[in-house]
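Which chain is which? The protein sequence lines are A, B, C, D, E and F, in order. Under this note's numbering, the first residue of the first sequence is numbered 8, with each subsequent residue one higher. Under this note's numbering, the first residue of the second sequence is numbered 8, with each subsequent residue one higher. Under this note's numbering, the first residue of the third sequence is numbered 8, with each subsequent residue one higher. Under this note's numbering, the first residue of the fourth sequence is numbered 8, with each subsequent residue one higher. Under this note's numbering, the first residue of the fifth sequence is numbered 8, with each subsequent residue one higher. Under this note's numbering, the first residue of the sixth sequence is numbered 8, with each subsequent residue one higher. Using N, Cα and C, we set each Cβ at its ideal position, and we do this for glycine too. Structure first, commentary second.
Number of protein chains: 6
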Amino acid sequence: MRELTRMTWHEVRAAGRGGAVAVLPIGSQEQHGAHLPMGTDTMLVSAVVDGALARLGDDPLLVRLPALPFGHSPHHLFAAAVSLTAHTLQAVLADVLDSLVQSGFRRVLIVNGHGGNDEIMRLAVKQYALRADVALAACSYWSLGEFQNVGHAGEFETSLMLATHPELVGEPGPRPEVAGLFAQRPYPGLTVERHGEWARAGGSTGGATEATAEKGAAALEARASALAAAIVAFDEATRESHGSAPIQAV
Amino acid sequence: MRELTRMTWHEVRAAGRGGAVAVLPIGSQEQHGAHLPMGTDTMLVSAVVDGALARLGDDPLLVRLPALPFGHSPHHLFAAAVSLTAHTLQAVLADVLDSLVQSGFRRVLIVNGHGGNDEIMRLAVKQYALRADVALAACSYWSLGEFQNVGHAGEFETSLMLATHPELVGEPGPRPEVAGLFAQRPYPGLTVERHGEWARAGGSTGGATEATAEKGAAALEARASALAAAIVAFDEATRESHGSAPIQAV
Amino acid sequence: MRELTRMTWHEVRAAGRGGAVAVLPIGSQEQHGAHLPMGTDTMLVSAVVDGALARLGDDPLLVRLPALPFGHSPHHLFAAAVSLTAHTLQAVLADVLDSLVQSGFRRVLIVNGHGGNDEIMRLAVKQYALRADVALAACSYWSLGEFQNVGHAGEFETSLMLATHPELVGEPGPRPEVAGLFAQRPYPGLTVERHGEWARAGGSTGGATEATAEKGAAALEARASALAAAIVAFDEATRESHGSAPIQAV
Amino acid sequence: MRELTRMTWHEVRAAGRGGAVAVLPIGSQEQHGAHLPMGTDTMLVSAVVDGALARLGDDPLLVRLPALPFGHSPHHLFAAAVSLTAHTLQAVLADVLDSLVQSGFRRVLIVNGHGGNDEIMRLAVKQYALRADVALAACSYWSLGEFQNVGHAGEFETSLMLATHPELVGEPGPRPEVAGLFAQRPYPGLTVERHGEWARAGGSTGGATEATAEKGAAALEARASALAAAIVAFDEATRESHGSAPIQAV
Amino acid sequence: MRELTRMTWHEVRAAGRGGAVAVLPIGSQEQHGAHLPMGTDTMLVSAVVDGALARLGDDPLLVRLPALPFGHSPHHLFAAAVSLTAHTLQAVLADVLDSLVQSGFRRVLIVNGHGGNDEIMRLAVKQYALRADVALAACSYWSLGEFQNVGHAGEFETSLMLATHPELVGEPGPRPEVAGLFAQRPYPGLTVERHGEWARAGGSTGGATEATAEKGAAALEARASALAAAIVAFDEATRESHGSAPIQAV
Amino acid sequence: MRELTRMTWHEVRAAGRGGAVAVLPIGSQEQHGAHLPMGTDTMLVSAVVDGALARLGDDPLLVRLPALPFGHSPHHLFAAAVSLTAHTLQAVLADVLDSLVQSGFRRVLIVNGHGGNDEIMRLAVKQYALRADVALAACSYWSLGEFQNVGHAGEFETSLMLATHPELVGEPGPRPEVAGLFAQRPYPGLTVERHGEWARAGGSTGGATEATAEKGAAALEARASALAAAIVAFDEATRESHGSAPIQAV
């Protein structure tokens with residue numbers, strides 16, 4: 008693993024042409040209840056990416072870009088979010104992909120830390136893969152492998168923050184009475200969106216009083232391992248045309 | 008159920024203000040192998056929507072819009088698709104939602120028949136629900152309830168077409184040797200897109216030689232029932248503020 | 008004549024490359040007074056197109072696309088229209104033309120059923136003809152040949168609907184006192200638009216009490232014949248570079 | 008008549024609020040054969056507007072804006088045109104209309120000198136009239152009243168230039184053999200556009216050898232009178248809500 | 008110097024291919040206090056450009072375009088400006104540059120008369136120079152060479168108008184008490200913008216009571232000479248690849 | 008000073024409503040010769056911002072946003088830059104400003120580390136200040152106060168990197184023979200852009216062999232002090248309407 012921001016352009020070009028996978032974390036700045044900081048998603052996706060890359064021995068075929076600290080959070084603008092519109096985030100991702108391909112990369116992976124970015128990110132890789140001879144991948148760190156979405160500002164994220172940035176975690180309030188659609192999704196597979204739901208629900212989808220650093224460390228370990236495995240699988244599925252050595256767990 | 012295209016504007020306005028749910032089917036015009044027609048997705052989503060609405064007794068609280076016959080199929084442009092760009096489809100859906108809300112509707116459901124429309128549709132309802140005091144829903148007909156995605160131009164779609172439009176179904180070719188990413192997804196939860204994959208795979212994700220009208224009728228029945236159930240659930244979750252009578256299966 | 012939606016992609020491709028003319032009807036969903044349905048424009052343009060194609064013996068050089076059921080009707084949003092913005096309709100038409108040309112077509116005809124689409128449609132064919140080696144045509148069904156614009160939701164459209172969809176025609180109200188600009192255009196050749204004029208005029212440009220199915224049948228016959236003649240003329244003017252047999256009335 | 012460019016902002020504001028009509032000429036910079044200058048359309052529309060305003064006694068209720076010297080001429084880019092895209096011209100017209108309305112005007116007239124601007128201009132006034140409580144008008148100077156389109160760089164425009172800017176008129180070449188669609192329109196009411204037609208036709212739609220200054224003076228007189236009459240009619244149809252004195256010919 | 012608007016397209020094409028520099032003046036229509044007209048910026052940039060070109064002997068390698076009479080003046084919309092949005096002005100400049108390059112020009116100079124256009128103009132030349140093999144230049148007439156920005160509607164502009172269009176200059180009011188940010192810029196190099204500042208400052212940045220035609224003539228002479236020198240320098244720096252004779256002062 | 012990314016949303020909201028200044032650093036990822044890393048601009052603007060904020064005692068009225076790590080570097084795409092288009096960067100800045108204002112901030116300062124962002128940033132604050140009742144400021148860190156632009160990847164930036172990130176600085180090559188426009192600007196105040204100039208110049212505007220950590224430390228000290236002074240001046244000029252205590256150097 009190498010950080011693009013610390014490499015010279017000759018090193019970046021050589022990596023891209025040599026078959027490296029560029030890895031772009033994307034996060035958000037948005038409310039995470041009264042006890043977690045605005046940058047929670049950006050911090051957590053960074054922690055999972057760094058954990059995964061460490062498991063892969065910081066393979067030189069992996070070039071990590073700086074995390075995009077802003078995401079698409081219009082549903083949190085009622086609570087001080089710094090949000091990009093869907094159109095803007097689409098443009099940012101398209102520009103970054105286009106730059107990387109002009110630079111010589113043929114493989115890019117976007118790793119997402121914020122639910123609101125998910126469709127936009129997947130759409131971005133679908134769009135761009137039609138424009139150039141590349142292989143692109145995208146995932147949200149919490150839903151790789153067997154894992155499922157685990158809520159916003161609740162036990163899952165609080166535990167991860169306790170494991171990674173305990174100094175930034177306040178005392179979680181009592182378990183909220185989560186209103187309406189967040190309490191029970193009307194039907195599996197059906198997306199339902201109701202105006203004002205996040206404000207009505209107080210900005211979180213569940214309580215965090217049972218969060219612990221131990222749970223967080225285990226969750227982080229599990230996600231980092233899954234991401235490492237996903238990277239290996241992506242490399243394996245797309246490597247042959249590049250002739251590079253396989254990326255492997257150490 | 009009533010069709011907006013056959014109603015006067017006074018009837019449409021009264022329905023919207025009375026708490027009706029507007030239902031918009033969206034499809035595509037794209038290749039479905041050598042044995043299925045271009046309009047397969049549009050025909051099938053229409054069949055599922057009509058089946059669901061029939062199960063609900065053609066409740067007057069349901070207003071069906073004409074299906075959008077074109078979708079986002081850039082990956083099928085190599086094979087004569089008539090495709091809208093992602094940006095255009097976003098604009099169409101935003102305009103239709105905006106019109107319906109100006110018209111008086113506060114509840115809209117989009118039902119999708121084509122994989123390429125999925126993220127765009129879900130993004131559209133998320134976006135619009137932030138702009139106005141509405142409750143919006145979206146689903147792809149094949150993945151409601153316990154069902155999963157079932158491929159393109161293979162046994163599933165061919166069976167459905169045999170059940171609904173047998174005169175338009177040709178002799179399916181031998182089971183294709185599906186190449187690369189379609190044969191095995193690299194990792195659960197990881198979206199991977201590779202340039203040219205659809206052309207290399209010959210445009211389908213699996214064989215259709217075992218398709219039958221019976222299988223299709225069963226699949227149609229199952230999906231229409233699931234959609235009817237999803238509509239009831241959506242109505243139930245969002246009805247109270249409208250004071251309308253519940254939508255129910257007959 | 009063949010319907011694209013019912014053809015396989017191999018058939019579509021062969022038709023396009025063989026010199027076929029793709030025919031795209033475009034309509035609207037908008038108020039047509041208290042006695043005609045929202046889809047009037049879409050139904051009528053479809054009837055005229057089908058009539059014209061029948062007169063041409065359903066020539067295999069004619070490929071009919073599904074009608075676009077939504078048009079540009081911002082002036083009817085006060086009355087429950089489902090409208091695309093000008094920008095969106097421009098994008099839809101550009102995308103459809105671009106798809107058809109990528110598919111192999113070199114000749115496309117757009118036939119319009121709604122006044123608000125007229126400039127946008129003509130602009131679309133002008134724009135696209137500059138981008139690719141194609142011959143494109145566009146017309147509004149009511150103004151071909153010697154015919155002139157004949158109002159909105161008045162005697163002309165009501166008669167046509169009586170001839171084609173009598174079950175959808177209600178009792179027209181008394182002849183409206185049409186106000187302001189609709190009663191008398193200020194000057195020939197001068198477009199004048201005044202805010203709120205459609206609402207003030209009650210949504211129609213004239214009375215319909217003298218509409219009859221007979222008048223409608225005659226008008227439909229005349230328009231379908233004119234469109235058939237226009238198609239023959241378009242074919243004749245643009246055929247030579249394709250080497251296809253002439254399209255002829257039967 | 009007063010020129011906005013020579014007025015102070017207090018005078019402009021007072022005029023707008025007092026019910027004045029803002030008049031915006033729009034032209035082009037594009038080829039007009041080997042004998043006429045690039046700015047022909049801009050010069051001629053300016054001459055017609057000035058002639059019309061003189062006939063109206065330079066009524067203070069008429070505020071003339073500077074002519075937009077660039078238009079939409081993509082079909083002349085093969086021959087050194089300076090052209091705005093359709094999208095850009097739409098934006099320019101929307102911005103100018105929006106500024107004038109913010110400034111206090113409630114009536115605006117656009118007068119066009121170039122065929123390629125026609126649909127865009129009419130669309131612009133239709134769009135903007137929906138946004139604000141205004142009355143907007145638009146015309147192309149050559150097609151007001153009983154007049155019809157009279158070709159490009161042929162006898163009509165050459166005569167007008169001989170009457171207004173004789174020093175800029177060269178010797179017209181022999182009558183061109185106009186090819187294809189320009190020689191005979193395939194069908195009345197049918198717009199047909201074929202790629203490359205302007206280049207094939209040598210950039211003009213007819214010969215100019217019989218042009219004379221006398222014909223030009225007569226044509227100018229006729230168009231200026233028609234425009235003056237159209238302005239009077241527009242004023243009459245839209246004046247009452249402003250309470251201003253009628254605009255009249257002197 | 009030649010004016011594009013008065014040239015035939017053959018002359019324009021020959022000039023562009025022969026290495027000529029196209030010169031585009033851009034201005035505005037906006038308030039200039041109670042004593043100067045709306046078109047002040049357009050008139051002054053035109054005067055400076057004409058003065059510079061005269062000093063260069065009206066070299067045939069210089070082709071002057073008609074001035075764009077509208078600019079980006081959103082901060083003056085409170086006072087009857089006719090303004091293009093930043094996006095629209097970007098589009099206009101991009102279109103003009105693109106047209107000129109398609110026409111054969113490889114060198115273009117934009118000369119600006121209005122502060123609000125400055126960043127947009129410089130951005131436009133930077134953007135376009137990346138797209139095609141051209142050399143582009145841009146300047147604001149008042150800040151060439153050693154000169155600095157000299158305020159809005161104050162002594163500088165009033166003197167220039169007295170020298171060039173005395174009949175359009177009214178009696179300047181008493182020196183305004185300029186408020187807030189205009190009285191003293193907070194820090195060198197720091198752009199500070201506060202909502203409503205132009206309205207609070209009464210639309211001008213300083214008094215004009217000491218303006219004279221003599222000062223204006225001297226300022227005009229100085230700016231025209233500086234622009235002529237800048238053109239010679241631009242020609243010298245970019246000429247070699249064109250093989251044209253040097254542009255020189257006469 | 009506080010970091011938004013580490014604050015809860017309640018703290019962010021309280022700061023904004025209490026009159027705090029939000030500070031957004033923006034950088035780039037682009038070539039900086041063979042001896043400096045891609046993220047040089049982002050690292051240096053961060054160092055200057057942190058230095059300035061430290062001089063201000065980390066005043067709680069200053070809320071630092073995470074740096075935007077990507078900028079507008081199309082002129083460096085030939086050398087592996089990761090660049091946003093001008094349109095995208097405009098959108099990002101507009102979205103961030105809009106979010107901050109929705110959040111409660113009325114004062115924002117953007118500090119820039121990359122030349123290519125300069126016009127876009129200044130334009131962004133001008134645009135947004137027209138939309139809401141705010142006071143916005145923008146500067147590029149190298150050109151505050153008496154300082155001037157000091158080149159790309161030359162002695163200035165290399166010295167700063169030696170002072171702040173010595174482990175990332177390679178051996179600078181010999182002083183390049185800087186070609187063309189970079190060696191001598193044609194005329195003061197004239198922006199000149201020539202296609203391909205950055206590639207011809209080898210990507211740098213001057214040699215770095217005389218760079219030292221001492222020079223860098225002095226330059227950093229000077230810029231951080233200037234930025235601190237600019238912040239104090241901005242606060243002073245815009246504070247009164249907020250009633251907050253003055254920001255002061257410690």
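- Restricting attention to B:Thr95, B:Ala142, B:Gly158 and B:Leu143, the CA atom closest to the CA of tryptophan 149 of chain B is found in B:Gly158.
- One thing to note: aspartate 66 of chain B has its Cβ within 9 Å of the Cβ of glutamine 255 of chain B.
- Per DSSP, the unbroken beta strand (DSSP E) holding threonine 198 of chain A starts and ends at 198-201.
- Aspartate 102 of chain F is classed as buried because its beta carbon has at least 16 other beta carbons within 10 Å across all chains shown.
- By the neighbour-count criterion, in which a residue is buried when 16 or more other Cβ atoms sit within 10 angstroms of its Cβ, aspartate 140 of chain D is exposed.
- Boundaries of the beta strand (DSSP E) around serine 147 of chain F: 142-147.
- If you draw a straight line from the Cα of glycine 26 of chain F to the Cα of threonine 212 of chain E, it is about 28 Å long.
- Against chain C, the beta carbon of phenylalanine 189 of chain D has no neighbour under 8 Å; the closest one sits roughly 11 Å away.
- With the criterion set as a beta carbon lying under 8 Å from some beta carbon of chain B, the segment 46-61 of chain A has no members that meet it.
- Close to aspartate 140 of chain D, with beta-carbon spacing below 8 Å, are these residues of chain C in chain order: His202 and Gly203.
- Proline 179 of chain D and glycine 209 of chain D have their C-alpha atoms some 13 Å from each other.
- Residue environment for valine 257 of chain E: exposed (fewer than 16 other C-beta atoms within 10 angstroms of its C-beta).
- Assignment of glutamine 134 of chain C by DSSP, reduced to helix, strand and coil, places it in the helix class.
- When only Cα atoms are considered, alanine 22 of chain F and glycine 214 of chain F end up about 44 Å apart.
- When beta bridges are read from the DSSP output, asparagine 119 of chain A appears opposite A:Ile33 and A:Ser147.
- For glycine 58 of chain B and aspartate 48 of chain B, the gap between their C-alpha atoms comes out near 15 Å.
- Within the same chain, and ignoring the five residues on either side of glycine 111 of chain C in sequence, the residues whose Cβ sits closer than 6 Å to its Cβ are Arg20, Gly23 and Arg24.
- Those residues of the segment 12-24 of chain C placed with their C-beta closer than 8 Å to a C-beta in chain B are Thr12, Arg13, Met14, Thr15, Trp16, His17, Val19, Arg20 and Gly23, ordered along the chain.
- For leucine 69 of chain E, the enclosing beta strand (DSSP E) has its first and last residue at 69-71.
- The CB of serine 106 of chain D comes closer than 7 Å to the CB of Leu84, Ala88, Val89 and Ser90 in chain E, given here in chain order.
- Using a Cβ-Cβ cut-off of 9 Å, threonine 219 of chain D does not count as an interface residue toward chain C, since no Cβ of chain C sits closer than that to its own.
- Interface with chain D (9 Å Cβ-Cβ cutoff): alanine 145 of chain C is included.
- Among the residues facing chain C, glutamate 174 of chain D is not included, as its CB has no counterpart in that chain under 9 Å away.
- Taking a contact to require three or more Cβ pairs closer than 8 Å, the segment 68-77 of chain E and the segment 26-41 of chain E qualify as touching.
- Chain order gives no chain E residues near arginine 207 of chain F, where near means a beta carbon separation below 9 Å; the closest approach is about 12 Å.
- Residue state for glycine 213 of chain B is assigned as coil, using DSSP reduced to three classes.
- Less than 9 Å divides the Cβ of proline 32 of chain D from the Cβ of leucine 75 of chain D.
- Taking the Cα of glutamine 134 of chain B as reference, the smallest distance to any Cα among A:Ala244, A:His42 and A:Ser80 is reached at A:Ser80.
- Distance from the CA of alanine 145 of chain C to the CA of leucine 234 of chain D, rounded to the nearest whole angstrom, comes to 29 Å.
- If you look at methionine 168 of chain D, you'll find it in the alpha helix (DSSP H) that goes 162-171.
- Taking a Cβ-Cβ cut-off of 8 Å, the neighbours of leucine 130 of chain D in chain C comprise Ala93, Glu126, Ile127 and Leu130, given in sequence order.
- Taking the C-beta atoms as reference points, leucine 197 of chain A is found nearer than 9 Å to alanine 237 of chain B.
- Glutamate 10 of chain A and alanine 41 of chain E have their alpha carbons spaced roughly 59 Å apart.
- Under the 9 Å criterion on CB atoms, valine 30 of chain B is classed as non-interfacial with respect to chain A.
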